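Heads up: the protein sequence lines correspond to chains A and B, in order. Heads up: the first sequence begins at 114 in this note's numbering, then just goes up one per residue. Heads up: the second sequence begins at 8 in this note's numbering, then just goes up one per residue. Scroll down for the structure; my scribbles are underneath it.
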Amino acid sequence: MPAIEHFIHGDGDRRQTLVVVFLRGGADGLNMVAPLEDDGYYRARPRIAITKSKAVPLDGFYGLNPLLADLQTAYKDGALGIVHAAGSEDDTRSHFEAQDLMEHGGIVGGGWLGRFLRARTAGTSGPLSTVALGREVPECLRGAPAATVFSSLDDFTLGANHARLMTSLARLYQAQPNDLGAAGNSTLEAVRRIEALRTASYQPAHDAMYGDDEFSRGLLQIARLIKSRVGLEAASIDLTGWDSHFGQATVMDPLMTQLARGLGAFYRDMGREMDSTTLVVMTEFGRRVAENSAFGTDHGRGSVLFVMGGGIKGGRVFGKWPGLTQDVLEGPGDLPVVTNYRNILAPILGRHGAGANLDKVFPSFEIQPVEIYA
Amino acid sequence: MKLARRTFLKLGAGGVALVATAGCDQMPRELKQLLALVKRHDESFQPPATDTIDPIIHALNRAGFGPRPGDHQRVRKLAKTPEEAAATYLEQQLHPETIPDDDADYEARRFETLQAPPGEMFEYQPDLLQNELMRATLTRAVLSERQLFEVMAQFWSDHFNIDPSKGDCKWLKVVDDREVIRKNALGKFADLLRASAVSPAMLWYLDGRVNRHASPGDKPNENYARELLELHTLGVHGGYTQKDVMEVARCLTGWTVRSTVNPPYFQVGKVEFDPALHDFGSKMILSQTVASTDTTLSKDELKQRGRNELERVLEIVAAHPATALHISAKLCRHFIADNPPPAAVATVSDAFRKSDGDVRQTLRALFKTDEFLLTRGNKFKRPFTFAVSALRATGARTDCSTEIIDYLKRMGHAPFNYPTPEGYPDQAAPWMGTLLWRWNFAVALSQNQIKGTRVDLVTLGGSSGGDEHLMSHLLGRKPNPDESQAFRDSGDGLALMLASPGFQWC
């Protein structure tokens, strides 16, 4: 049985945290990371394509949407990897079905992250091991050992009699000879650290500038919790509203700005802490390759997935580019899914301690991990 | 007592007429409340007065979700000694059909979707169904007089775990809970196993519905067969081989469920055996032969043969000695200790075999072992038990709202939310990280901050007879000096007691 003291951590001890960002609504990968050297892209999107001159160059073939320029630093540092033509096997092109399948990890009970945390911790996880930023715990965390919707640090205190209760609890838990004593002390310590957080103002490190939107605020809280070592193992946060059927730019531009500003600030703020952190950005599906008559794009298949964190062989775009010729496109004209998202998550979960339990996390799926780590 | 205007309207003239013609048993609850016939926990009572947990508290803790105000005293009156009283109580609990349960029945009836026939389930939103299923389960655990039955329903829900988030389980788990788990919770293990094997939710959850052999090259889907042997019956070290798993899977090919995914959308949830998808070749399971079938027989005959094969497989595994041992070890872990004492497991396993897997007789034997009788206060409450025991101990009036379910989710123990087939763990270690939310819950309960749940602090304190008595009631024994001191210093004695180490064990 793992030692109870592992709930929370000394400053010398780097805890690994996995942050999952879900872009709900089907984010258009082609408009975030454009295949600049594929003529098919410009033919399919005569009005909305990103021109070579405006794109932020990545590797000579792909370019970032200029609104995602804040991601360039992490990419150049080798801490950010991009996977193109990524997604799941779901071909219903239904938001609900595709999100459900992606978050469950197939037609299977519970969420992939929930199963991972159960399988991984086998012994014990702490009260703050898992938080969901937002209004509810997402499906990917279903079945997790301790999933908390994080709304405010006040949630973690003991109300009006906080101080006196803490003293009394300390008196009783310290007298416990067994594992419960250790668990009690560990929990008391976690509450004290949160108390310290509550009363202090937070100054992001390295002059990181978070935005004044919900997404940025959420990432800031996650960075704060990681740095204060309360035992955070997984955090989830959504950025919603990517369903760009109509007026692609009106829908996507503000969201891309938020995404890049949030991720850029998080990366900067975290600094060396990023070594023990992995952040993954995914979406349920991409959009049709060809633009529609309303300057938008309809539901498609493959999209992009971003992975940021320690040990990543970043600074490159993973996955074979399938091309955009008619024989390649799927169904009504969609970028096919070349890389199943599980083949990216599997090595990440491996790094985060999944061990031999990956078949429990992704049952009935033959994992062919992409070599995202050196 | 004050009644809401709406309640009055609901009662109406019909209710009044009913009083005139019917006895108390048929009286609507509102009327009973009006006439103050519903049991209330405000009479003064005598809490336990021993330094350690006595046999009565032990029985209330283990064969239930903990004592309510006055329960100890009530059980104590059943016989001359505490030992005999506890034994009498346990024997009563083994016969839930003889225990009136109006309060729980009444409250649980609010969740009316749960009573719908299988085909009609699909008309409801899955979220609504799952919410009602969780709330009904919580309601029964808090209110039911048939506490052991509720404990066993939970035990089997873990043993035959189904996470309703998979496929059509969204709807069908409700049927499984009603027709498989609750129907057989204190019956014969073989009946429970059979019901589970052809439960549409189980066929979905462990992929039995897609275990088919339509052409010679088809490989069976082994998912259910493996869990049947590993989790439901023999246990992982029960002496079966990979070959047995494959052969069991072959025997169980051809069982299908009409689903919401494939047309025709008619009689969704119906379980059917399709001989065209069954492997009729001969098989060998745990050294017993299952003979092949001549596939030129009539379709009706083939259907019968296929069903027989399922019966045969379940018979073989249910009667296997490893199954008796596996189930007994799990029961002993649940009722006695995280590391079940081998002597008790042997006794219980013996009773299981001699009674042909009769759950009632097996439990009766368990409750008589020295290990059960003497190992007290050593089980760490799982979060569900913690929350329910707190609601019961405080005599809380609660609508078992989603807010309480949310607390359970934070503690990782909401009913029917375990993702993988082995069900929630039944040992202390995995739950040690849940203290913060237990403390939060204790504070919220004591401060009446949970919507729809109220604790009458004044009455509770008064009826137990003062602080020391209240502590004895909550802990099931007299408090030690440290506990008394902490209680006084805390500023919120009730919250402190519920959050204290002593209340986490049962």
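Where is the CB? At the ideal position from N, CA and C, for every residue including glycine. It should be emphasised that the depicted structure is a prediction, and the values quoted were computed from it without experimental measurement.
For the stretch 127-138 of chain B, there are no residues whose beta carbon sits under 9 Å from a beta carbon of chain A. Gly176 of chain A does not reach chain B, its nearest Cβ partner there being about 39 Å away, counting only Cβ pairs nearer than 9 Å.
At a beta-carbon threshold of 7 Å, the residues of chain A lying near Ser497 of chain B are Asn274, Arg277, Leu278 and Ser281, ordered along the chain. DSSP places Val417 of chain A within a strand segment (E or B) once states are collapsed to three. Excluding five sequence positions before and after Asn138 of chain B, the CB atoms of its chain that fall closer than 8 Å to its own CB belong to Thr409 and Ile412, given in chain order.
For the options A:Gln129, A:Asp388 and A:Ile461, the alpha carbon positioned closest to that of Val394 of chain A is the one of A:Ile461. Annotation for Gln295 of chain B: the continuous beta strand (DSSP E) segment containing it runs Gln295 to Val297. With contact defined as three or more Cβ pairs closer than 8 Å, the stretch 185-196 of chain B and the stretch 420-436 of chain B are not in contact. Counting only runs of 4+ residues, the alpha helix (DSSP H) found wholly inside the stretch 177-232 of chain A occupies 185-190 and 208-217, in chain order. Here His102 of chain B is exposed. Its C-beta has fewer than 16 other C-beta atoms within 10 Å. Contacts with chain B (Cβ-Cβ distance below 8 Å) from the stretch 304-331 of chain A involve Val304, listed in chain order. Proximity of chain B to His217 of chain A at the Cβ level (cut-off 8 Å) is accounted for by Ser172 and Lys173, in chain order. For the C-beta of Val450 of chain B, the chain A residues within less than 8 Å are, from N- to C-terminus, Leu271, Gly272, Asn274 and Leu278. Per DSSP, Leu437 of chain A lies in no beta strand (DSSP E) and is assigned neither H nor E. In this structure, the beta-carbon distance from Ser314 of chain A to Ala140 of chain A does not fall below 8 Å. Following the DSSP letters along the chain, one finds Ile350 of chain A in no alpha helix (DSSP H) but inside the beta strand (DSSP E) bounded by residues Ala347 to Thr353. Within the DSSP bridge table, the entry for Ile292 of chain B names B:Gln295 as partners. Under the Cβ distance rule, Met418 of chain B counts among the residues neighbouring chain A, one pair being separated by less than 8 Å. For Trp446 of chain B, the chain A residues whose C-beta falls within less than 8 Å of its own C-beta are Leu271, Leu278, Leu282 and Thr300, listed in chain order.
Around the beta carbon of Ala273 of chain A, fewer than 16 other beta carbons lie within 10 angstroms, which makes this residue exposed. By the Cβ rule, the stretch 260-275 of chain B counts as touching the stretch 117-130 of chain B, because three or more pairs are nearer than 8 Å. Chain-ordered, the chain B residues with CB closer than 7 Å to the CB of Lys473 of chain A read Thr427. Inclusion of Thr240 of chain B and Thr330 of chain B in the CB contact set at 8 Å is warranted, their separation being smaller than that value.
Ala257 of chain A belongs to the set of residues whose beta carbon lies under 8 Å from a beta carbon in chain B. With a 10 Å radius around the Cβ and a threshold of 16 neighbouring Cβ atoms, Pro258 of chain A comes out buried. The shortest C-alpha to C-alpha distance from Asp286 of chain B to any of B:Asn269, B:Val181 and B:Arg314 is the one to B:Arg314. The secondary-structure analysis by DSSP pairs Met395 of chain A across a beta bridge with A:Phe135. Contact with chain A is absent for Met209 of chain B, since none of that chain's Cβ atoms lies less than 8 Å from the residue's Cβ. Residue state for Lys195 of chain B is assigned as strand, using DSSP reduced to three classes. By the C-beta density criterion, Lys177 of chain B is buried, having at least 16 other C-beta atoms within 10 angstroms. Listed along chain B is no residue with a C-beta nearer than 8 Å to that of Ala347 of chain A; the closest approach is about 13 Å. Cβ neighbours of Ala221 of chain B within its own chain (closer than 7 Å, five residues either side excluded): Ala283 and Leu284. Asp440 of chain A has its alpha-carbon roughly 22 Å from the corresponding atom of Val146 of chain A. Contact annotation for Tyr212 of chain B against chain A: Gly222 [CB-CB distance below 7 Å, chain order]. Taking 8 Å as the upper bound for CB-CB distance, Ala336 of chain A and Thr243 of chain A are not in contact here, some 16 Å apart. Taking C-beta atoms as the reference points, Gly446 of chain A and Ala407 of chain A fail to come closer than 8 Å.
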